[in-house]
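K.L.:
Sequence order for the protein chains is Y and F. Residue numbers for the first sequence follow my numbering, so the first one is 3 and each next one is one higher. Residue numbers for the second sequence follow my numbering, so the first one is 6 and each next one is one higher. Here it is, the structure, as structure tokens.
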Amino acid sequence: MLTMTNVKKIFRTDLVETHALKDFSLQVNEGEFVAVTGPSGSGKTTFLNIAGLLETFESGQYMLDGNDVSQLSDNARSKIRNQKIGFIFQGFNLLPDLNLFDNVDVPLRYRGWSASERKQRIEHALETVGLASRQKHLPSQLSGGQQQRVAIARALAGEPRFLLADEPTGNLDSKMAHSVMELLQDINQRGTTIVMVTHDPSLAAEAGRNIFVRDGQVSELHEVNTFADVVNG
Amino acid sequence: MFRYYLRLALLSYKRNPILSSLMVLAIAMGIGACMTTITVNYIMSSDPIPQKSEQLFYVQLDSWDPNSPAREPNDPPDQVTWTDATNLMKAKQAFRQSAMARSGGVVEPENGDSKPFMTDIRLAYSDFFAMFNVPFQYGSGWDSQSDDNRDMVVVISRAMNDQLFGGENSVGKTVRLAGHNFRVVGVLKEWRLVPRFYDVTTGAFDNTEDFYMPMPLKESLELTSNGNVNCWKRPAEDGFLGFLYSECVNFQMWVELRDDAEKQAYMAFLNSYADEQRALGRFERPNNNRLSNVMEWMAYNNVVADDAEIMLWLSLMFLLVCLLNTIGLLLAKFSGKAGEISLRRAVGASRRDVFMQHLVETGLIGVIGGIAGLGLAMLGLSGIGVLYGDLANDLTSMDPKLVAIALGLALVSSILAGLYPTWRSTRVAPASQLKSQ
Ligand SMILES: Nc1ncnc2c1ncn2[C@@H]1O[C@H](COP(=O)(O)OP(=O)(O)OP(=O)(O)O)[C@@H](O)[C@H]1O
Ligand SMILES: [Mg+2]
Chain Y
3 MLTMTNVKKI
13 FRTDLVETHA
23 LKDFSLQVNE
33 GEFVAVTGPS
43 GSGKTTFLNI
53 AGLLETFESG
63 QYMLDGNDVS
73 QLSDNARSKI
83 RNQKIGFIFQ
93 GFNLLPDLNL
103 FDNVDVPLRY
113 RGWSASERKQ
123 RIEHALETVG
133 LASRQKHLPS
143 QLSGGQQQRV
153 AIARALAGEP
163 RFLLADEPTG
173 NLDSKMAHSV
183 MELLQDINQR
193 GTTIVMVTHD
203 PSLAAEAGRN
213 IFVRDGQVSE
223 LHEVNTFADV
233 VNG
Chain F
6 MFRYYLRLAL
16 LSYKRNPILS
26 SLMVLAIAMG
36 IGACMTTITV
46 NYIMSSDPIP
56 QKSEQLFYVQ
66 LDSWDPNSPA
76 REPNDPPDQV
86 TWTDATNLMK
96 AKQAFRQSAM
106 ARSGGVVEPE
116 NGDSKPFMTD
126 IRLAYSDFFA
136 MFNVPFQYGS
146 GWDSQSDDNR
156 DMVVVISRAM
166 NDQLFGGENS
176 VGKTVRLAGH
186 NFRVVGVLKE
196 WRLVPRFYDV
206 TTGAFDNTED
216 FYMPMPLKES
226 LELTSNGNVN
236 CWKRPAEDGF
246 LGFLYSECVN
256 FQMWVELRDD
266 AEKQAYMAFL
276 NSYADEQRAL
286 GRFERPNNNR
296 LSNVMEWMAY
306 NNVVADDAEI
316 MLWLSLMFLL
326 VCLLNTIGLL
336 LAKFSGKAGE
346 ISLRRAVGAS
356 RRDVFMQHLV
366 ETGLIGVIGG
376 IAGLGLAMLG
386 LSGIGVLYGD
396 LANDLTSMDP
406 KLVAIALGLA
416 LVSSILAGLY
426 PTWRSTRVAP
436 ASQLKSQ
């Protein structure tokens, strides 16, 4: 599904160059659930953004579904983001003026679906995360965990084949975190490929495969089972 | 999608009500100022009598000083003498004709409570009413018999009829005016003529007069001249009649000619009349007689005042300043929306989607600004009314065409102002704002 070979990403500011990814190589197969761990600043979000076509990169190759995506136009990239990929961002990134229904509606609006089809999908997605009764609420009227679940519903409503989650449980207590994890596993079971960044080794352990990122490189591709392994790399 | 964008635009307006309202205000002020001056110019240059403006002609005869033209470089005077006015009327060579002038006098109302007051009088010939499509409420104008007999008859305006007779049918009643009694033969309906083209020498934006009476009465009743008088030589004799029969010009001459043949025939007549007068020792300049239709006559007289044109340009510049201001405010507003744009881009909105969303948002501000601007224009026009008199009344019932122009101008200018901020908003990178929130 996803193959990155020697991807390099440099952030340039006036003063410094940050090599966020150096020769980053990774393959994720269709139907996998991959957890990504690593120290803060190691390049996890950068990898996820490139995987989700949110950012470009300097060199290397990225094949998505067998296609080289580095040469695609902005328009084509938007379309792939819209149709194939679901995002759960590190912040919730809900739009504060829109109620839950309309927030989940945002990606669907660019899909060209009819109002009734969108409504059905939105209601289904909100039901999945247990917020069906809150459709008319504004994000500010929800707890942090509930907001996180709306963000998940938004990512799921379009039934993407590829779900990218950047610390989807970062703002939740461990009970909530595990229930979100169950939800993701459920989705994964139904065929969605998932890449999830997390700081929590016990959550990472629940994923099918773990990778460890350090200094912009995948330093380990085997399964990581213990906390010590994660920390020591 | 348009309805979705409209909803988002309304939400966005509500999110920053002060910033949004400032933009609306900036656009409203620019549009208000522009619409005020555009309307003034539009009305000033509009055709006051579209059905007939091609058939009504103003007569100019060059009876002026042999040594210098009435107006440089070689223009005839813009009025005619009493002698020529009465001669042309007697000749009756046009389909219809009326010489005219403004006079005035004191009205002494019948009922004891009302005080006497000054008024303007339009002296004219019987054809006047038919020529200028003057609408009547009661009675009619006088006939040519009354011109010849110098009958003491008067036609009064609707407003004057309201004032003197409480709006009743006053035909047959008597009005005391300029020290004489006149019989009312007709009462006009509301008659608005903007510009009041038939006598631009007394102000093209003055009201139509309240009293109309046969012009030959000027001689017998020695009625005053309330218009412009221009002379190039001293009257040969003293006294009212000496002045009346002098070479001073004080009268407007209008003729109605239905087609080109009639116009050419009348022009030939004017030239032969001038030749005739030259033989009698007048008209010492070469023939330089003119016929101008209504629009030609208004253009010749620069009826659209220069200051109105200058105001138009100033207001357009003011609109530009308001728009520059709006651009700044829009930039501020849209940069506050970077998070939303970045998110929408991340979940699949194309640049075009983002562009359209913000185009609708600026368009909405433009339309609200346009509507508010129309309100301001109404205010501005009533203020302008002080400058141009009656004009303002006409404007409160603004032409639908002008309303459309105002809204169009607001929409176009707000979208123009929004173009750069909107384009900038499409440049927000999809991921840039999503790291933390
Ligand atoms: N837009 C940017 N401009 C400049 N430097 C950046 C930018 N985004 C990320 N970086 C740098 O790239 C490196 C990798 O950042 P990244 O966000 O991928 O880390 P991370 O692994 O997600 O960290 P965390 O676990 O704290 O979220 C960091 O050194 C960061 O400072
Ligand atoms: Mg991160």
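Backbone N, C-alpha and C define an ideal beta-carbon position, used for all residues, glycine too. In this text the structure is predicted, and so the values were computed from the model without any measurement.
Tell me whether F/K95 sits in a helix, a strand or coil according to DSSP, three-state version.
P.N.:
helix
K.L.:
Quick one: is F/V433 near chain Y, going by C-beta distance under 8 Å?
P.N.:
False, the Cβ-Cβ gap to chain Y never drops below 8 Å.
K.L.:
Please classify F/K342 as buried or exposed, where buried requires at least 16 neighbouring CB atoms within 10 angstroms.
P.N.:
buried
K.L.:
How would you write the range of the alpha helix (DSSP H) that F/T427 sits in, first residue to last?
P.N.:
Counting along the chain, the alpha helix (DSSP H) containing F/T427 begins and ends at P405 to T431.
K.L.:
Hey, out of F/E77, F/T42, F/R20 and F/Y271, whose CA is closest to F/R295's CA?
P.N.:
When the alpha-carbon of F/R295 is set against those of F/E77, F/T42, F/R20 and F/Y271, the nearest one is in F/Y271.
K.L.:
Any beta-carbon of chain F closer than 8 Å to the one on Y/G56?
P.N.:
Reading the sequence as shown, one finds Leu at residue 56 of chain Y and not Gly. Output row for Y/L56: interface = yes.
K.L.:
Measure the C-alpha to C-alpha separation of F/E301 and F/D358 and round it to an integer number of angstroms.
P.N.:
53 Å
K.L.:
Rounded to whole angstroms, what's the CA-CA distance from F/V308 to F/T42? Just pull it up for me.
P.N.:
15 Å
K.L.:
Relative to chain Y, which residues along the region 336 to 366 of chain F have a C-beta separation below 9 Å, given in chain order?
P.N.:
Under the 9 Å Cβ criterion, the region 336 to 366 of chain F contributes G344, E345, S347, L348, R349, R350, A351, V352, G353, A354, S355, R356, R357 and D358.
K.L.:
Taking only runs that begin and end inside the region 78 to 137 of chain F, name each unbroken beta strand (DSSP E) of 3 or more residues, in chain order.
P.N.:
101 to 113 and 122 to 129
K.L.:
Scan the region 64 to 83 of chain Y for residues whose Cβ lies nearer than 9 Å to a Cβ of chain F and list them as they occur along the chain.
P.N.:
D76, N77, R79, S80, K81, I82 and R83
K.L.:
Just the Cα atoms here: how many angstroms apart are Y/L28 and Y/V182?
P.N.:
25 Å
K.L.:
Suppose you measure from the CA of F/R432 to the CA of F/D52; what does that come to, to the nearest Å?
P.N.:
51 Å
K.L.:
Quick one: give me the first and last residue of the alpha helix (DSSP H) that F/E314 is part of.
P.N.:
D311 to S340
K.L.:
Roughly how many whole angstroms lie between the Cα atoms of F/G110 and F/T124?
P.N.:
6 Å
K.L.:
Check whether the Cβ of F/L475 lies closer than 8 Å to any Cβ atom in chain Y.
P.N.:
The shown model of chain F, from 6 to 442, leaves out residue 475 of chain F, and the question about it has no answer.
K.L.:
Establish whether the CB of F/Y9 and some CB of chain Y are separated by less than 8 Å.
P.N.:
yes
K.L.:
Run through chain Y and tell me which residues come within less than 7 Å of F/R20, C-beta to C-beta.
P.N.:
From the beta-carbon of F/R20, the residues of chain Y found nearer than 7 Å are D99.
K.L.:
Measure the CB-CB distance between F/L325 and F/I36 and report whether it falls below 8 Å.
P.N.:
no
K.L.:
At what residues does the beta strand (DSSP E) containing F/Y18 begin and finish?
P.N.:
Taken as a continuous stretch (DSSP letters only), F/Y18 belongs to no beta strand (DSSP E), being part of the alpha helix (DSSP H) at F7 to R20.
K.L.:
Y/L223: buried (16+ other C-beta within 10 angstroms of its C-beta) or exposed?
P.N.:
Any reading at Y/L223 must be qualified, since the residue scores a pLDDT of 49, below 50, and its modelled position is unreliable; no value is offered.
K.L.:
Strictly below 8 Å CB to CB, what residues from chain F border Y/F59?
P.N.:
Within 8 Å Cβ-Cβ: nothing; Y/F59 doesn't reach chain F, min ~12 Å.
K.L.:
If you draw a straight line from the C-alpha of F/I315 to the C-alpha of F/L364, how long is it?
P.N.:
33 Å
K.L.:
Is there at least one non-hydrogen atom of ligand 1 closer than 7 Å to the beta-carbon of Y/I206?
P.N.:
This sequence places Ala at residue 206 of chain Y; Ile is not what is there. No - ligand 1 has no heavy atom lying nearer than 7 Å to the Cβ of Y/A206.
K.L.:
Could you tell me which uninterrupted beta strand (DSSP E) segments, each at least 3 residues in length, are contained entirely in the region 232 to 310 of chain F, listed from first to last along the chain?
P.N.:
257 to 261 and 295 to 298
K.L.:
Should F/Q84 go down as buried or exposed, given a rule of 16 or more other Cβ atoms within 10 Å for buried?
P.N.:
A residue is called buried once 16 or more other Cβ atoms fall within 10 Å of its Cβ, and F/Q84 is buried on that count.
K.L.:
So, is the C-beta of Y/R95 closer than 8 Å to a C-beta in chain F?
P.N.:
The residue you asked about is not Arg; residue 95 of chain Y is Asn in the sequence shown. So yes, Y/N95 belongs to the interface.
K.L.:
Measure the C-alpha to C-alpha separation of F/I161 and F/M220 and round it to an integer number of angstroms.
P.N.:
15 Å
K.L.:
Considering only residues of the same chain and omitting the five flanking positions on each side of Y/G33, which have a CB-CB separation below 7 Å?
P.N.:
G193 and T195
K.L.:
Would you say Y/K46 touches ligand 1, meaning its beta carbon is less than 7 Å from a heavy atom?
P.N.:
Yes - ligand 1 has a heavy atom lying nearer than 7 Å to the Cβ of Y/K46.
K.L.:
Between Y/R151 and F/M40, what straight-line distance do the alpha-carbon atoms span, to the nearest angstrom?
P.N.:
53 Å
K.L.:
What does F/A436 touch in chain Y if you count any residue whose Cβ is under 7 Å from its own?
P.N.:
N51, L56 and E57
K.L.:
Between Y/D107 and ligand 2, is the CB less than 7 Å from at least one heavy atom?
P.N.:
Incorrect: Y/D107 has no Cβ contact closer than 7 Å to ligand 2.
K.L.:
For the candidate residues F/T88, F/E281, F/V299 and F/G232, whose alpha-carbon lies nearest to that of F/P291?
P.N.:
Checked all of F/T88, F/E281, F/V299 and F/G232; the closest Cα to F/P291 is F/E281.
K.L.:
Could you list which residues in chain F have their beta carbon closer than 7 Å to that of Y/R111, in chain order?
P.N.:
Y9
K.L.:
Does the distance from the C-beta atom of Y/L96 to that of Y/N105 stay below 8 Å?
P.N.:
yes
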